[in-house]
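Here's the structure we're looking at; comments come further down.
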Amino acid sequence: MNQNNGSKTSAAEPATLLLAEDLHMSYGDRVALRKLSFNLSAGRVMGFLGPNGAGKTTSIRILTTMLEPTSGRFFVDGISSQYPERIRRKIGVLPEGLGLPKQITAIAYLTYFGQLYGRTAAEAKRVGMALLQDVGMQHRADSLIGTYSHGMRQRLGIARALVNDPKIVFLDEPTLGLDPRGQQELLSMIQHIARERNAGVVLSSHLLSEIEGICDDVVIMNLGRVVAKGTVAEVIGQTQLNANHRNTVRIRVPSPSVAQAQQVLEAMPDVQQVTPADVTAGWLVAELGDGANGDSAEEAHNKNKILEALIRAQIPIRGFEAAGGRLQDVFLQLTAEAIE
Amino acid sequence: MNDPQAVNGSRVESRAEPSGSTSLVWWLVFKQELTELWLGGRVLNFLILFSVLMSIMAFLLATNNELSLTPPKLMELITLQAAITFGLFIGLVIAAESITGERERATLEALLLTPTSRRQIVAGKFLAALSPWPAAMVLSIPYMVTLSQGDAVLGSALLWGALTGSLLAIAFTGLGMLVSIWSNSNKISLFVSLLIYLLCLLPSQLPGQVQATPALTFIQTVDPVEATNQFLQKTLVNSQPQVGSAVDPGPMGQVWIFLAGSAVVTALILGLLFLVAAPRLRLEGEGASMIRPIWNRMEAIE
Numbered sequence: 645m646n647q648n649n650g651s652k653t654s655a656a657e658p659a660t661l662l663l664a665e666d667l668h669m670s671y672g673d674r675v676a677l678r679k680l681s682f683n684l685s686a687g688r689v690m691g692f693l694g695p696n697g698a699g700k701t702t703s704i705r706i707l708t709t710m711l712e713p714t715s716g717r718f719f720v721d722g723i724s725s726q727y728p729e730r731i732r733r734k735i736g737v738l739p740e741g742l743g744l745p746k747q748i749t750a751i752a753y754l755t756y757f758g759q760l761y762g763r764t765a766a767e768a769k770r771v772g773m774a775l776l777q778d779v780g781m782q783h784r785a786d787s788l789i790g791t792y793s794h795g796m797r798q799r800l801g802i803a804r805a806l807v808n809d810p811k812i813v814f815l816d817e818p819t820l821g822l823d824p825r826g827q828q829e830l831l832s833m834i835q836h837i838a839r840e841r842n843a844g845v846v847l848s849s850h851l852l853s854e855i856e857g858i859c860d861d862v863v864i865m866n867l868g869r870v871v872a873k874g875t876v877a878e879v880i881g882q883t884q885l886n887a888n889h890r891n892t893v894r895i896r897v898p899s900p901s902v903a904q905a906q907q908v909l910e911a912m913p914d915v916q917q918v919t920p921a922d923v924t925a926g927w928l929v930a931e932l933g934d935g936a937n938g939d940s941a942e943e944a945h946n947k948n949k950i951l952e953a954l955i956r957a958q959i960p961i962r963g964f965e966a967a968g969g970r971l972q973d974v975f976l977q978l979t980a981e982a983i984e
Numbered sequence: 387m388n389d390p391q392a393v394n395g396s397r398v399e400s401r402a403e404p405s406g407s408t409s410l411v412w413w414l415v416f417k418q419e420l421t422e423l424w425l426g427g428r429v430l431n432f433l434i435l436f437s438v439l440m441s442i443m444a445f446l447l448a449t450n451n452e453l454s455l456t457p458p459k460l461m462e463l464i465t466l467q468a469a470i471t472f473g474l475f476i477g478l479v480i481a482a483e484s485i486t487g488e489r490e491r492a493t494l495e496a497l498l499l500t501p502t503s504r505r506q507i508v509a510g511k512f513l514a515a516l517s518p519w520p521a522a523m524v525l526s527i528p529y530m531v532t533l534s535q536g537d538a539v540l541g542s543a544l545l546w547g548a549l550t551g552s553l554l555a556i557a558f559t560g561l562g563m564l565v566s567i568w569s570n571s572n573k574i575s576l577f578v579s580l581l582i583y584l585l586c587l588l589p590s591q592l593p594g595q596v597q598a599t600p601a602l603t604f605i606q607t608v609d610p611v612e613a614t615n616q617f618l619q620k621t622l623v624n625s626q627p628q629v630g631s632a633v634d635p636g637p638m639g640q641v642w643i644f645l646a647g648s649a650v651v652t653a654l655i656l657g658l659l660f661l662v663a664a665p666r667l668r669l670e671g672e673g674a675s676m677i678r679p680i681w682n683r684m685e686a687i688e
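So the sequences go chain by chain: A and B.
Going letter by letter, the first sequence gives residues 645 to 984 in this note's numbering.
Going letter by letter, the second sequence gives residues 387 to 688 in this note's numbering.
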């Protein structure tokens, strides 16, 4: 590892923007983070998942130079963690608390931050306006931040995080408190940052379904440990849950039709057991037999037959989920295992 | 986001590398803080309170003077001392909330995430917190002019008041910032800062006999408030020592010791602030990290 002038060059992985090696953090006897290692390439979105107290915010604060790790090191665009000021030039951060003042206009605020990053006042203002346009806030550029809605403040926070044109953007719970539409808009904005700017994005969130939709890589943490990491598909695939529960499906029908649906499904030869999971909401859990013997095509065919049977019986289908195929199932299993 | 053309266009703009700063960071932070303090109305509230207190005191002194109980020189001294005491309180309170306030509002993290020198951030905030002092001094001039009743001491009082008051304002603003850097909440920062402020005011309230003891004489030299009071008293009133005054005016050589004492304490506070505390400015006050292990041990023992 070449670290001349604090820089790390690697011909094998030129696009690696963030490399964490054995990061460890403890406060006295309490360990907040154990041996965190991962890497993130340009243009990719990495999801940082974990329940409260898992060590997500601690990890982000270490990687953004706000905390010094007890041991371990990391590199941002080849710059060693020994040079925090140089790293801060390369990163953009949306902290969980947002931290926006109220008695200042958005454009004045972005201009101020642009200047703190070394831009001239005119240049900072121009970039600030462009960023406000990027996040769809140009029409409120001259409004006081105190008059903004939560969603608008989140957008402004993202604009601030991009004011130095960062190589890596850290977003700590960016969708917290947003309505579904706001969440969707923000997530597509995050994807845009990664794809169009070719920046690496580290995204911490509890919204697993959304993370699954936009993240390329994922790190699942619990009690300060990494319990799974890799691409979303790898993480879903590497868990036992998928193997144990891949023949289980959850079906939602109108609640008056639950009994009828149960009868229809129980009559099917490939279905071993049908259990009403939540009669009021209309959920049923159907376990398929092992006839497929791990043949995924056969498994998919069996699941289709369930749908077919319900449609033939003219039972409206409101929901259909293959258990174990979602990041949420993996997350719940892994975090539960770690607690046990 | 809504308009692909706009997105692409703006992306090109934002890709431009920063062309190099033309403004010093401390100046940027100072301007920003100044705007928030003055346009936000906080300083204005303090100055209104200052004017009210000065008015009450001036009224009491003027009515006392009508009974021929207080000579103009002493009234001038008391007014000046009050202006300094109230004036430095403003800087102290603003400084004590400057960092902890940002911690509580979660705005400090964004500032610390910029590649700027911590020392320059502190310098900008320090100067902004100091900014109400000149205004307080200017506000106190009409009171001093009125109460001086044409006495020649007015010029000296204004000159020495501005000098020693500025020294004290710098010391107490610096002290407030030091405490704020090390604290995690406004409550703790304000409590500690005001406690120190009151302790510094305490010696002047002690009886004359106690003030004459060697220990108190030493404290009068190192306590910047008391040293300033002693200096002003000896400079402005020493030609006519007051009956009942606890302190012997003494030769002028001794008078400068008080000014030197105040200057040394101010220099020490500034040194501590900019050489020790400012470079270690963190998201969390270091006072908490120093206290936490002790607290944990105490809890473990219990």
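Ideal Cβ positions, reconstructed from N, Cα and C, are used throughout, including at glycine.
Which residue comes first and which comes last in the beta strand (DSSP E) that contains residue 682/A?
-> To locate residue 682/A, count along the first sequence from 1; it is residue 38. Element bounds for residue 682/A: 674-685.
Taking the CB atoms as reference points, tell me whether residue 861/A and residue 871/A lie closer together than 9 Å.
-> Along the first sequence, one-based indexing puts residue 861/A at 217. Along the first sequence, one-based indexing puts residue 871/A at 227. It is not a contact, given that the beta carbons lie outside the stated cut-off.
Can a CB atom of chain B be found closer than 9 Å to the CB of residue 709/A?
-> Along the first sequence, read from residue 1 onward, the residue named residue 709/A stands at position 65. Judged by the 9 Å Cβ criterion, residue 709/A is in contact with chain B.
Any beta-carbon of chain B closer than 9 Å to the one on residue 798/A?
-> On the first sequence, residue 798/A is found 154 positions in, with the first residue counted as 1. Chain B contact via Cβ: absent.
Measure from the alpha carbon of residue 666/A to the alpha carbon of each residue in 674/A, 680/A and 659/A, then state which is nearest.
-> Here residue 666/A refers to the residue found at position 22 of the first sequence. Per the Cα distances, 680/A.
Sheet register partners of residue 720/A (DSSP bridge) | The count along the first sequence starts at 1 and reaches residue 720/A at position 76. BP columns for residue 720/A point to 662/A and 723/A.
Kindly list, in the order they appear in chain A, the residues whose Cβ is closer than 8 Å to that of residue 671/B.
-> By one-based count along the second sequence, residue 671/B stands at place 285. Here the premise fails: no neighbours, minimum Cβ distance about 14 Å.
Please state whether DSSP places residue 486/B in a helix, a strand or coil.
-> Indexing the second sequence from 1 puts residue 486/B at position 100. In the structure shown, residue 486/B sits in a helix (DSSP, three-state: H, G or I).
Going straight from the alpha carbon of residue 608/A to that of residue 834/A, what length do you get?
-> Any question about residue 608/A goes unanswered here, given that chain A covers just 645 to 984.
Can you check DSSP and say which residues form a bridge with residue 866/A?
-> Against the first sequence, residue 866/A aligns to sequence position 222. Bridge partners of residue 866/A: 869/A.
Residue environment, residue 535/B, which counts as buried when at least 16 other CB atoms sit within 10 Å | For this step, residue 535/B is matched to residue 149 along the second sequence. Flag for residue 535/B reads exposed.
Where do the N-terminal and C-terminal ends of the beta strand (DSSP E) with residue 668/B fall, by residue?
-> Locating residue 668/B in the second sequence gives position 282, where the first residue counts as 1. Taken as a continuous stretch (DSSP letters only), residue 668/B belongs to no beta strand (DSSP E), as it is neither H nor E.
Chain A partners of residue 491/B, CB-CB under 8 Å?
-> Numbered from 1 along the second sequence, position 105 holds the residue referred to as residue 491/B. Per Cβ cutoff of 8 Å: 743 and 745.
Element boundaries [beta strand (DSSP E), containing residue 690/A] | Mapped onto the first sequence, residue 690/A falls at position 46. Residues 689-693.
Terminal residues of the alpha helix (DSSP H) in which residue 513/B lies | Counted from its first residue, the second sequence places residue 513/B at position 127. According to the DSSP assignment, residue 513/B belongs to the alpha helix (DSSP H) that extends over 504-516.
Across which residues does DSSP place residue 920/A in a beta bridge pair?
-> For this step, residue 920/A is matched to residue 276 along the first sequence. Note: residue 920/A sits in a beta bridge opposite 928/A.
Which residues, in order along the region 414-426 of chain B, keep a beta-carbon less than 9 Å from a beta-carbon of chain A?
-> 414, 415, 417, 418, 421, 422, 425 and 426
Whose Cβ in chain A lies nearer than 7 Å to the Cβ of residue 411/B?
-> Within the second sequence, numbered from 1, the residue matching residue 411/B stands at position 25. Within 7 Å Cβ-Cβ: 760.
What's the gap between the Cα of residue 672/B and the Cα of residue 849/A?
-> Translated into the one-based positions of the second sequence, residue 672/B becomes position 286. Translated into the one-based positions of the first sequence, residue 849/A becomes position 205. Between residue 672/B and residue 849/A, the C-alpha separation is close to 29 Å.
Beta-bridge partners of residue 704/A, as assigned by DSSP = In the first sequence, residue 704/A corresponds to position 60, counting from 1. Paired residue(s): none; residue 704/A is not in a bridge.
Who are the near neighbours of residue 786/A in its chain, counting only those whose CB is closer than 7 Å to its CB and skipping five residues on each side?
-> Here residue 786/A corresponds to residue number 142 of the first sequence, with the count starting at 1. Only 749 and 751 meet the Cβ criterion.
Contacts of residue 729/A in chain B (Cβ-Cβ under 9 Å) = Counted from its first residue, the first sequence places residue 729/A at position 85. 501, 502 and 503, listed in chain order.
Buried or exposed: residue 589/B, going by 16 or more other Cβ atoms within 10 Å of its Cβ?
-> For the purposes of this step, residue 589/B is identified with residue 203 of the second sequence, where counting begins at 1. Buried is the call here.
Got a sec? Which residues, its chain only, sit under 6 Å from residue 568/B by beta carbon, not counting five neighbours each side?
-> Sequence index remark: in the second sequence, residue 568/B carries index 182 (1-based). Hits under 6 Å: 671, 672 and 673.
Would the region 534-553 of chain B and the region 612-624 of chain B be scored as touching if the rule is three or more Cβ pairs under 8 Å?
-> yes
From 660/B, 658/B, 609/B and 662/B, residue whose alpha carbon lies closest to that of residue 643/B = What you label residue 643/B is simply residue 257 of the second sequence in a count that begins at 1. Nearest option by C-alpha distance: 609/B.
With 9 Å as the threshold, decide whether the Cβ of residue 522/B is near any Cβ in chain A.
-> If you number the second sequence from 1, residue 522/B lands on position 136. Closer than 9 Å: no.
Report back the beta-carbon spacing between residue 562/B and residue 481/B to the nearest angstrom; my notes put them in contact at under 8 Å.
-> Position 176 of the second sequence, counted from the start, is the residue given in the question as residue 562/B. Position 95 of the second sequence, counted from the start, is the residue given in the question as residue 481/B. The pair is a contact, with the Cβ atoms about 3 Å apart (cut-off 8 Å).
Could you give the DSSP three-state label for residue 671/A: helix, strand or coil?
-> Taking the first sequence and counting its residues from 1, one reaches residue 671/A at position 27. Looking at residue 671/A - three-state DSSP - the assignment turns out to be strand.
Between residue 690/B and chain A, is there a C-beta pair that is closer than 9 Å?
-> Nothing about residue 690/B can be reported from this structure: the residues present for chain B run from 387 to 688 only.
Residues near residue 576/B by beta carbon distance below 6 Å, same chain, minus five either side | Walking along the second sequence from the start, residue 576/B turns up at place 190. 482.
Can you tell me which of the three DSSP states residue 599/B falls into?
-> Position 213 of the second sequence, counted from the first residue, corresponds to residue 599/B. Here residue 599/B sits in coil by DSSP.
From 689/A, 693/A, 699/A and 732/A, residue whose alpha carbon lies closest to that of residue 709/A = Working through the first sequence from its first residue, we reach residue 709/A at position 65. Here the closest residue by C-alpha is 732/A.
Residue ranges of each beta strand (DSSP E) within the region 725-782 of chain A, 3 or longer | 735-738
Along the alpha helix (DSSP H) that carries residue 844/A, what are the first and last residues, could you check?
-> Numbered from 1 along the first sequence, position 200 holds the residue referred to as residue 844/A. That residue, residue 844/A, is in no alpha helix (DSSP H); its beta strand (DSSP E) goes 844-848.
Could you pull the start and end residues of the alpha helix (DSSP H) that residue 894/A belongs to?
-> By 1-based counting over the first sequence, the position of residue 894/A is 250. Residue 894/A -> not in any alpha helix (DSSP H); beta strand (DSSP E) instead, spanning 892-896.
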